[in-house]
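Data first, discussion second: the structure below is written as structure tokens.
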Amino acid sequence: MEILSSIQNGILTLEFNRPERKNAITAAMYQSMADALTAAETDTAVRAILLVGKPEIFTAGNDLEDFMKTAPAGGAIEDRSVYKFMMALSGATKPIVAAVAGNAVGIGTTLLMHCDLVYAADNAKFSMPFVQLGLCPEFASSLLLTQIAGYPRAAEKLMLGEAFGAQEALEMGLISKVLPVDALRAFAEGQAAKLVALPASSIRVTKELMKAARKAPTSVAIAAENIHFGKMLSSPEAKEAFMAFFQKRKPDFTQFA
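Numbered by the numbering used here, the letters in the sequence shown go through residues -8 to 248 in order.
So this is what it looks like as structure tokens:
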């Protein structure tokens, strides 16, 4: 199972379990998580959700080979299982805790902006290399990262796409705490357990109120990013970036205006 799913003591735990491929996410993995999150909305046994990876890797982001292979006709982002997963994550009414160790690449960083409590190990590395792939930000990251970190820092992370560590993520406000690798999961589970013990209705309304102001702008940003992302997937720059990735070479974008 490449996504381990379990419900225990009120916590739905979803764990990336594909370490041999650096937890790169396939369409099937996205669908599995989307289904689990959707089911959790009406499951009274679930009062909190925990997203985790492995001590050495959270996720390398999209499995690019699978991502291109499973592209729907016309390139509609809304038809992809990744879209269904992110909409389920963003729209979840129950609290979501994320525990990040190792690399969180691309959507591995984007998804954290839609969680409620995010904790990272001291070996965590975050990156959003969309521009480096000839693409653009996804799932409202252009909006949310700017709100979280401010425009100058968001521009640096989204335009250059360079990796940054846990301490910088903490200073930016992307995460709430940095912990030793071996203490991360237990701490995150403890925080989720605290949420389980609190009144579910109070947690739900508090989350709804906190996210209300950004709900409409987030939807607008996602829609705008989807349009650009879909078009850019078939652009010469993206084709060069993907080809260079598979050929294990540095892409050459100087040939494009």
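We put the CB at the ideal spot given by N, CA and C, even for glycine.
key: Spatial distance of A215 from A112 (CA atoms)   = Sequence index remark: in the sequence shown, residue 215 carries index 224 (1-based). Sequence index remark: in the sequence shown, residue 112 carries index 121 (1-based). C-alpha separation (whole angstroms): 33 Å.
inquiry  = Quick check on this structure: which residue in T100, G221, V37 has the alpha carbon closest to the alpha carbon of R71?
reply    = Here residue 71 is taken as the residue at index 80 of the sequence shown, counted from 1. Measuring from the Cα of R71, the nearest candidate turns out to be G221.
task = Assign T33 to one of two classes, buried (16 or more other C-beta atoms within 10 Å of its C-beta) or exposed (fewer than that).
result = Working through the sequence shown from its first residue, we reach residue 33 at position 42. Exposed: under 16 other Cβ atoms inside 10 Å.
request  = Locate the alpha helix (DSSP H) running through I194, then write down its first and last residues.
outcome  = Position 203 of the sequence shown holds residue 194. For I194, the enclosing alpha helix (DSSP H) begins and ends at 191 to 223.
8 Å Cβ cutoff met for V109 and L165 = The sequence position of residue 109 within the sequence shown is 118, counting from 1. The sequence position of residue 165 within the sequence shown is 174, counting from 1. A contact, by the Cβ cut-off of 8 Å.
ask   = Nearest-angstrom Cα distance between M150 and G97?
value = For the purposes of this step, residue 150 is taken as residue 159 along the sequence shown, with counting starting at 1. For the purposes of this step, residue 97 is taken as residue 106 along the sequence shown, with counting starting at 1. Those two C-alpha atoms are separated by around 13 Å.
message = Classify G44: buried if its beta carbon has 16 or more other beta carbons within 10 angstroms, exposed otherwise.
response = Against the sequence shown, residue 44 aligns to sequence position 53. Label assigned to G44: buried.
key: Cβ-based neighbour list, Q22, same chain, cut-off 8 Å, excluding 5 preceding and 5 following   = As a first step, residue 22 is located in the sequence shown; it is residue number 31 there, counting from the start. Within the same chain, Q22 has close Cβ partners S72, K75, F76.
message = Using only CA atoms, which one of V91, R195, C127 lies nearest to E180?
response = In the sequence shown, counting from the first residue as 1, residue 180 sits at position 189. Closest option to E180, Cα to Cα, is V91.
query = Measuring CA to CA, which of F117, K60, T35, T84 is closest to Q158?
reply = Walking along the sequence shown from the start, residue 158 turns up at place 167. Ranking F117, K60, T35, T84 by Cα distance to Q158 puts F117 first.
ask   = Are the Cβ atoms of A39 and P10 separated by less than 8 Å?
value = Numbered from 1 along the sequence shown, position 48 holds the residue referred to as residue 39. Numbered from 1 along the sequence shown, position 19 holds the residue referred to as residue 10. No; because the gap between Cβ atoms is not below 8 Å, this pair is not in contact.
request  = May I ask you to report which of helix, strand or coil DSSP gives K168?
outcome  = The residue given as residue 168 occupies position 177 in the sequence shown. Here K168 sits in strand by DSSP.
task = Kindly identify the DSSP beta-bridge partner or partners of I87.
result = For the purposes of this step, residue 87 is taken as residue 96 along the sequence shown, with counting starting at 1. I40, per the DSSP bridge assignment.
ask   = What did DSSP end up calling T4 once you bin it into helix, strand or coil?
value = Stepping through the sequence shown from its first residue, residue 4 is reached at position 13. T4: strand per DSSP, three-state reduction.
inquiry  = Can you tell me where the beta strand (DSSP E) holding I(-2) begins and where it ends?
reply    = The count along the sequence shown starts at 1 and reaches residue -2 at position 7. Looking at the DSSP string, the run of the beta strand (DSSP E) that includes I(-2) is -6 to -1.
key: Contact under 8 Å by Cβ, E123 with G152   = By one-based count along the sequence shown, residue 123 stands at place 132. By one-based count along the sequence shown, residue 152 stands at place 161. The sequence shown places Gln at residue 123, rather than the Glu named in the question. Yes, Cβ-Cβ distance for Q123 and G152 is below 8 Å.
ask   = Apart from the five residues just before and just after G52, which ones in its own chain have a Cβ nearer than 6 Å to its Cβ?
value = Against the sequence shown, residue 52 aligns to sequence position 61. Excluding sequence neighbours, G52 sits near V96, G97, I98, G99.
key: A19, enclosing beta strand (DSSP E) - first and last residue   = For the purposes of this step, residue 19 is identified with residue 28 of the sequence shown, where counting begins at 1. Looking at the DSSP string, A19 is not in any beta strand (DSSP E); the run it does join, the alpha helix (DSSP H), is 18 to 33.
task = On a CA-only basis, which of F7, A27, L135, M20 is nearest E47? Give me that one, please.
result = In the sequence shown, the residue the question calls residue 47 occupies position 56. It is F7.
ask   = Would you say T84 and F130 are within 8 Å of each other, going by their C-beta atoms?
value = The residue labelled residue 84 in the question sits at position 93 within the sequence shown. The residue labelled residue 130 in the question sits at position 139 within the sequence shown. No, they are not a contact pair.
task = Locate the beta strand (DSSP E) running through L92, then write down its first and last residues.
result = In the sequence shown, the residue the question calls residue 92 occupies position 101. The residue you asked about is not Leu; residue 92 is Ala in the sequence shown. That residue, A92, is in no beta strand (DSSP E); it is neither H nor E in DSSP.
K230: first and last residue of the uninterrupted beta strand (DSSP E) it sits in = As a first step, residue 230 must be located in the sequence shown, where it is residue number 239. That residue, K230, is in no beta strand (DSSP E); its alpha helix (DSSP H) goes 227 to 237.
query = Thinking C-alpha only, which one of A25, T209, L135, G141 is nearest A79?
reply = Position 88 of the sequence shown holds residue 79. Distances from the CA of A79 to each of A25, T209, L135, G141 were compared; the closest alpha carbon is that of A25.
message = By the three-class DSSP mapping on this structure, what secondary structure does F178 have?
response = The residue labelled residue 178 in the question sits at position 187 within the sequence shown. The three-state reading of DSSP puts F178 in helix, counting H, G and I together.
key: Own chain partners of G1 with C-beta closer than 6 Å, once the 5 adjacent residues on each side are dropped   = As a first step, residue 1 is located in the sequence shown; it is residue number 10 there, counting from the start. Taken in chain order, the residues that qualify are R38, V187.
query = Considering only C-alpha positions, which residue in the set A19, F244, R205, Q246 is nearest to G82?
reply = One-based indexing of the sequence shown puts residue 82 at position 91. Cα-wise, what sits closest to G82 is R205.
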